Ligand SMILES: Cc1cc2nc3c(=O)[nH]c(=O)nc-3n(C[C@H](O)[C@H](O)[C@H](O)COP(=O)(O)OP(=O)(O)OC[C@H]3O[C@@H](n4cnc5c(N)ncnc54)[C@H](O)[C@@H]3O)c2cc1C
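Okay, structure coming up:
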């Protein structure tokens, strides 16, 4: 028998995954406690470029479905002035020798209008590109706002570094949501989560308004995402690397290739370089597990480079799984 009774749900994690789950669960009428080890500013979510774009996450069908839900919700957030969320005009570049696909990729179905770039929209040396608009989330603004929403809606908070998921049982949950990012696998004995290191450089925004990316740059991935006062320049995608120390040589290389795709960035003032670990997994794990604890666990982790892109869609599935708990 399934019912939709109200539960006490302990959500582990207060990055984008934990906070979207907490918000959606509160909205569905559940009682929520958020447990996290780190301040918001120390989460991976906080440092993310946080543009809507499905990078390094699977499986494709589910990512497309979660991505579409999240796109629509973030677009609505942008339209209603939710702090930190904007729609950002974007350009994907194809350099000489890189074939422009005949068919648009799966993500384009969520985006709607994707058109060929005009010649006057392309940087020097680039023959082709696609133009479209996607949500961009300024996480240092948005994450604290989302956190405040969750607290205002009645969530309790516990600061605690768990050694295992059973460390929350004293909080007397009916259900536990495991949204602990890079740590989520280790907390439950799942060794299929691996780091995908990403280094980015923050520069003062010299007036750039367009997000631009070249995934085929010979020097490595190149992307520029302008925000209100700064631009995020990327980046690296290094599977298996655990280092969160920025590498100065990589900083210089990122600056160089980003100036190739957005010449206005040449000489931009560097604010900082940072490196974070995307929580990689062959597939995002959204699943109910009744074997781990005396109460059901619902997993929400392994989002790779797409945690902001799929966050709200995943949270919706988490709410459905929590709702499946027998009353
Ligand atoms: C350089 C870079 C750029 C990125 N750009 C994008 C992008 O443009 N678009 C996009 O969609 N995604 C992007 N990502 C990916 C995105 O940042 C992640 O997928 C997302 O942040 C994962 O969110 P999360 O909430 O699952 O994990 P996190 O944000 O890491 O949060 C984990 C939470 O779990 C808590 N926790 C961990 N261990 C414990 C423990 N033992 N006990 C208690 N609590 C614990 C932490 O305190 C934290 O609150 C990027 C990532 C990087 C590194």
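In the working numbering, the protein residues as written are -17 to 309. Beta carbons: idealized from backbone N, C-alpha and C, even for Gly. On a predicted model such as this, the values are computed, not experimentally measured, just so you know.
Residue i in three-state terms, based on DSSP
| i | result |
| --- | --- |
| residue 224 | coil |
| residue 202 | coil |
| residue 2 | helix |
| residue 285 | coil |
| residue 215 | strand |
| residue 235 | helix |
| residue 258 | strand |
| residue 26 | helix |
| residue 244 | coil |
| residue 195 | strand |
| residue 41 | coil |
| residue -15 | Bear in mind that the predicted position of residue -15 carries a pLDDT of just 46, short of 50, making it too unreliable to give a figure here. |
| residue 230 | helix |
| residue 274 | coil |
| residue 292 | helix |
| residue 304 | helix |
| residue 10 | coil |
| residue 46 | helix |
C-beta neighbour in chain D for residue i, strict 8 Å
| i | result |
| --- | --- |
| residue 148 | This model lacks chain D altogether; it includes just one protein chain. |
Residues that DSSP places opposite residue i in a beta bridge
| i | result |
| --- | --- |
| residue 15 | -8, 138 |
| residue 298 | Partner(s): none; residue 298 has no beta bridge. |
| residue 269 | 281 |
| residue 189 | Residue 189 pairs with nothing; no bridge assigned. |
| residue 208 | 213 |
| residue 183 | 215, 255 |
| residue 177 | 261 |
| residue 357 | What the structure shows of the chain is the stretch from -17 to 309, and residue 357 is not part of that stretch, so it cannot be assessed. |
Supposed contact pair residue j and residue i - C-beta distance, whole angstroms, cut 8 Å
| i | j | result |
| --- | --- | --- |
| residue 214 | residue 184 | 6 Å |
| residue 261 | residue 166 | 7 Å |
| residue 193 | residue 103 | Wrong, their Cβ atoms sit about 13 Å apart, outside the cutoff. |
| residue 1 | residue 153 | So it is not a contact: roughly 18 Å between Cβ atoms. |
| residue 220 | residue 266 | The pair is not a contact, with the Cβ atoms about 20 Å apart (cut-off 8 Å). |
| residue 116 | residue 35 | 7 Å |
| residue 113 | residue 99 | 5 Å |
| residue 31 | residue 216 | 6 Å |
| residue 312 | residue -6 | Any question about residue 312 goes unanswered here, given that the chain covers just -17 to 309. |
| residue 305 | residue 10 | 7 Å |
| residue -10 | residue 156 | 5 Å |
| residue 275 | residue 159 | With 8 Å as the limit, residue 275 and residue 159 do not qualify as a contact, their Cβ atoms being about 12 Å apart. |
Heavy atom of ligand 2 within 7 Å of residue i beta-carbon
| i | result |
| --- | --- |
| residue 6 | Although ligand 2 was asked about, the structure shown includes only ligand 1 as ligands. |
In chain order, what are the residue ranges of uninterrupted beta strand (DSSP E) at least 3 long that sit wholly in the region 49 to 89?
67 to 76
Kindly provide the ranges of any alpha helix (DSSP H) runs that are 4 or more residues long and lie completely inside the region 86 to 174, ordered along the chain.
Positions of the alpha helix (DSSP H) runs, each at least 4 residues long and wholly inside the region 86 to 174, are given as 90 to 93, 121 to 134, 166 to 169 in order along the chain.
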